[in-house]
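Worksheet: the structure to be examined is printed underneath.
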Amino acid sequence: MHCLLLHHRYQLSPRYILMVGSNSSGGGSHASQRAGEFPIGHVVLALYPNTTCFYKASVTLPPSKVRDPRCKGQYVVQFEDDNEQAQAVPANMVLDHPGQID
1 MHCLLLHHRY
11 QLSPRYILMV
21 GSNSSGGGSH
31 ASQRAGEFPI
41 GHVVLALYPN
51 TTCFYKASVT
61 LPPSKVRDPR
71 CKGQYVVQFE
81 DDNEQAQAVP
91 ANMVLDHPGQ
101 ID
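Each residue of the sequence shown is one higher than the last, beginning at 1 in the UniProt record's numbering.
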């Protein structure tokens with residue numbers, strides 16, 4: 001049996017690349033660190049639980065308002081087009097939605 005492997009190269013403008021991950025101050029994107037934390041209703045890109053993909057969501061609760069100790073340091077967000085209940089996402093995996101990528 002023979003397998004044909006296709007190699008594709010994709011190019012994109014640097015303006016479509018967002019910084020993800022933690023920094024030396026303990027986490028978060030650069031945008032969220034500058035702004036403190038995103039308020040309720042703010043549109044963000046958040047890592048969907050149990051995946052490696054970021055999706056558009058709105059903030060239901062910022063980390064400072066979350067009372068459940070199991071969700072300390074996490075945002076509670078409602079993902080767009082998701083009928084599930086709001087979900088907790090680590091603060092360093094919630095990015096400011098840049099707007100132009102809808």
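Don't be surprised by glycine CBs; every beta carbon is placed ideally from N, CA and C.
- Find out if the Cβ-Cβ distance for the pair phenylalanine 79, valine 59 is shorter than 8 Å. no
Once DSSP output is grouped into helix, strand and coil, what is the label at lysine 72? Under the three-state reduction of DSSP output, lysine 72 falls in the coil class, being neither helix nor strand.
**Request:** With serine 58 as the anchor, note down where its beta strand (DSSP E) starts and where it stops.
**Result:** 54 to 61
Exercise for review: Could you check what DSSP says for proline 49 in three-state terms: helix, strand or coil?
Suggested key: coil
* Asked: Taking the C-alpha atoms as reference points, what is the distance between alanine 91 and leucine 6?
  -> The alpha-carbon atoms of alanine 91 and leucine 6 are separated by roughly 37 Å.
Check: Across which residues does DSSP place leucine 12 in a beta bridge pair?
Finding: For leucine 12, which the question treats as bridged, DSSP gives no partner whatsoever.
Query raised in the report: In this structure, what does DSSP give as the bridge partners for aspartate 96?
Result: Val44
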